[in-house]
Amino acid sequence: MLKLDPNLTQADDFYEALIEAHRGLSAAQSGRLNAKLILLLANQVGDFDTLRAAIAKAREGVEPAGEDPTLRVVA
Amino acid sequence: MVAAASIDYEALRLPATPRPEGEARRHPVVIVGAGPIGLATAIDLAQNGIDVVLVDDDDRLSTGSRAICFAKRTLEIFDRLGCGEPMVRQGVGWSKGRVFHRDGQVYDFDLLPEQGHRRPAFINLQQYYVEGYLYERAKALPRLDMRWRHRVAGVKVGADGVALDIETLEGGYTLNGRYLVAADGSRSFVRKAMGLESHGQTFRDRFLIADVRMEADFPAERWFWFDPPFHPGQSTLLHRQADNVWRIDFQLGWDADPQAERQPERVLPRVRALLGKDAKFELVWASVYTFSCLRMDSFRHGPVFFAGDSAHGVSPFGARGANSGVQDAENLAWKLRLVLRGLAPEALLDTYGAEREFAADENIKNSTRSTDFITPKSEVSRQFRDATLELARDCGFARQLVNSGRLSKPSVYAGSPLNTPDEDAFAGAMTPGAPSADAPILRDGREDWLLSVSGDDFALLAFSPTPQEIAAMRAVSGGDIPVRVVVVAPRDAPESAGVVRVVDSGLAAERFDARPGTVYLLRPDQHVAARWRRFDAAKVAAALSRACGHAG
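Protein chains in written order, with my numbering: chain A, 1 to 75; chain B, 1001 to 1552.
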């Protein structure tokens, strides 16, 4: 089950640490940090149903404005 | 039975088959395309008493190494077809692989860590050898009529058969078949002639295959590099094949010029960068390709069946192309055989489509995931890929995400209508729909393998049955549909008529989670149809009927 009620032990400290970790990084470096962080946290969560619920929650209300890079083919 | 390995199957020219005179007969099965899939289908049918005509537009076997990785399950099928042994003898067996990132190893794996298997996880063998041994076997079968340089120029499909316009060097003729198997490859003429299509996705990337002959002391393992120092920013795959030939697969990127990149002056420096500047090697084959994951919506169209690359395509990472095609062949052959003999309804043939489309989806899913990892299609996809590789150096969890190819495994037809669902409790992998495990056994005091005694027909594997049960099993094997009863027991016992007796090494009972009394019904393609803790003649008969396509 995806937790949406407060669960962080030190909410303000966490938020500050998260922002602090990105200090001085370029957008590309921040992207790398975020990617690693997501993977680490995903492993911590472990359960796929919870992860899938989190992905869906994060995607809520985001209308795709980019391109779908998939190249369709017919043979 | 099969010739020694010294024949150069790549250079072999097959004499053009003359145009037949008075070709009025309607053949039970016509197969188009004498690649591994067409040959395997033809052999399976012909060795089981069905007349087959196999036509091919060419007069040679495979040009270039092409498919090289043949999986354990495929080898078990080739064993049943009578040509596994020379392939394994000629091929390079392997089960281990390593994945590197930049200059360090990320992890290694072993696809078959346990003992007691007849065949290795994989052999690497050039496709022309595989086709060569299949061809030798095919030649020995009187019911198999191979016709070289017979090109299909037109396809007419009726409700109960097909008529093919065939062109030969001496002119055309019409070839009639009750059933047609289109094993004519990814650019299938039959598919196009019938106005059918494959759909899927293609990947923005190009790869160079360089096969080189050299003496080298790399082990017989699959080595995959992400971003190695000798080929920065791209991936590389190294595999050993027969005759000291090595397959090197370089990722080039989407902007590479396919014409220029296959020229030796461009290929040789790339190979030298990997092997060292003093390495002595000879380039034997080079090819630049892109790939797609795609399939036809339906593999059966009336009397026409699509098998192998004509029906589906995947990227090569995972060795799921030729291997899945051989499994198509084996799935189709026994069904055609039973229907042609009048032992099963036409509906059985629909399950070829259902089971192999399911398998194709599984292969496409795995292949697409690997390709998305190797060739990230967006910036964020690349970011996650690089993050995974970076973490994999010291985090075990990230290693399981690194995907350089999830290697071919036979599909478990879990949802197949041919399965009889379990009513007893079992542990382990031998669920209905699963390909049967093999195990070492003794037969007449000699070492043998369970799958080699189960044969080409249905098999009833009975673990330590009582004498009364054995007597009752004879009633099952005496029906219209051939069923071979195989008694698997810890000790030998006197022969009893109509029953094959084997002595278990212990591994058979373990792999099937069998106890005394346990019975498995295997299909002719050696997938599990049903299983019980005790033999019950009525239940076995019902399961057999269901596995033949009679609605349960």
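For each residue, glycine too, the CB sits at the ideal point set by N, CA and C. All figures in this text were calculated on a predicted structure; none of them were measured in a lab.
Residues of chain A whose Cβ lies closer than 8 angstroms to the Cβ of Gln1201 of chain B are, in chain order, Thr70, Leu71, Arg72 and Val73. Counted as a single uninterrupted DSSP element, the alpha helix (DSSP H) harbouring Asn1331 of chain B occupies residues Ala1322 to Leu1340. For Gly1479 of chain B, the three-state secondary structure derived from DSSP is coil. Taking Arg1491 of chain B as reference, the option from B:Asp1456, B:Trp1532, B:Ile1441 and B:Ala1472 with the minimal CA-CA separation is B:Ile1441. If you check the CB distance, Cys1083 of chain B and Ile1123 of chain B do not come in under 9 angstroms. For Lys36 of chain A, the number of other beta carbons within 10 angstroms of its own is at least 16, and it is reported as buried.
Collapsing the DSSP output to three states places Gln10 of chain A in coil. Using a CB distance below 7 angstroms, the part of the region 21–37 of chain A facing chain B consists of Gly31, Arg32, Ala35 and Lys36, ordered along the chain.
Using a CB distance below 8 angstroms, the part of the region 1387–1407 of chain B facing chain A consists of Ala1387, Thr1388, Glu1390, Leu1391, Cys1395, Phe1397, Ala1398 and Leu1401, ordered along the chain. Around His1312 of chain B, the same chain offers Arg1295 and Ala1360 as residues with beta carbons nearer than 6 angstroms, after the five sequence neighbours per side are excluded. Interface with chain B (9 angstroms Cβ-Cβ cutoff): Asn7 of chain A is excluded. Nearest to Ala1427 of chain B by C-alpha distance, out of B:Ala1509, B:Pro1417 and B:Gln1468, is B:Ala1509. Leu41 of chain A is outside the set of residues whose beta carbon lies under 9 angstroms from a beta carbon in chain B. Here Thr1420 of chain B really is in contact with Ala1529 of chain B; their C-beta atoms are around 6 angstroms apart, less than 8 angstroms.
Of the candidates B:Asp1504, B:Asp1456, B:Val1487 and B:Arg1501, the residue whose Cα lies closest to the Cα of Pro1524 of chain B is B:Asp1456.
Proximity of Arg1102 of chain B to chain A, defined by a Cβ-Cβ separation below 9 angstroms, is not satisfied.
Chain A places no beta carbon closer than 9 angstroms to that of Lys1539 of chain B, leaving this residue out of the contacts. With the rule of 3 Cβ pairs closer than 8 angstroms, the region 1223–1234 of chain B counts as touching the region 1095–1114 of chain B.
The C-beta distance from Ala1387 of chain B to Arg32 of chain A rounds to 6 angstroms, short enough to fall under 8 angstroms.
Within the region 1070–1126 of chain B, the complete alpha helix (DSSP H) runs of at least 4 residues fall at 1072–1080 and 1084–1090.
Chain order gives the chain A residues near Ser1198 of chain B as Val73, Val74 and Ala75, where near means a beta carbon separation below 9 angstroms. For the region 19–63 of chain A, the continuous alpha helix (DSSP H) assignments of 4+ residues that do not extend past its boundaries occur at 27–45 and 48–59, in sequence order. Of the other Cβ atoms in all chains shown, 16 or more fall within 10 Å of the Cβ of Gly1035 of chain B; this residue is therefore buried. Around the Cβ of Thr1368 of chain B, a 10 Å sphere holds 16 or more other Cβ atoms; the residue is buried.
Distance from the Cα of Glu1355 of chain B is smallest, within the candidate group B:Arg1119, B:His1527, B:Ile1068 and B:Pro1028, for B:His1527.
The Cβ of Gln1251 of chain B sits no closer than 9 angstroms to any Cβ of chain A. Burial check for Asp1110 of chain B: the Cβ neighbour count within 10 Å stays below 16, so the residue is exposed.
Under the three-state reduction of DSSP, Phe1384 of chain B is assigned to helix. Note on Ala1329 of chain B: 16 or more other CB atoms within 10 angstroms of its CB, so buried under the neighbour-count rule. Take the alpha-carbon of Asn1048 of chain B and the one of Trp1449 of chain B: they are about 21 angstroms apart. For Gly1353 of chain B, the enclosing alpha helix (DSSP H) begins and ends at Ala1347 to Ile1374. Interface flag for Leu1294 of chain B against chain A is set, since a Cβ pair is found closer than 9 angstroms. Across the structure, Glu1170 of chain B and Glu1021 of chain B are spaced so that their CA atoms are roughly 11 angstroms apart. With respect to chain A, the C-beta atom of Glu1357 of chain B has no partner C-beta closer than 9 angstroms. Residue-level contact check: Gln1127 of chain B does not touch chain A, since none of the beta carbons of chain A fall below 9 angstroms from its beta carbon. If you draw a straight line from the Cα of Met1430 of chain B to the Cα of Ala1538 of chain B, it is about 22 angstroms long.
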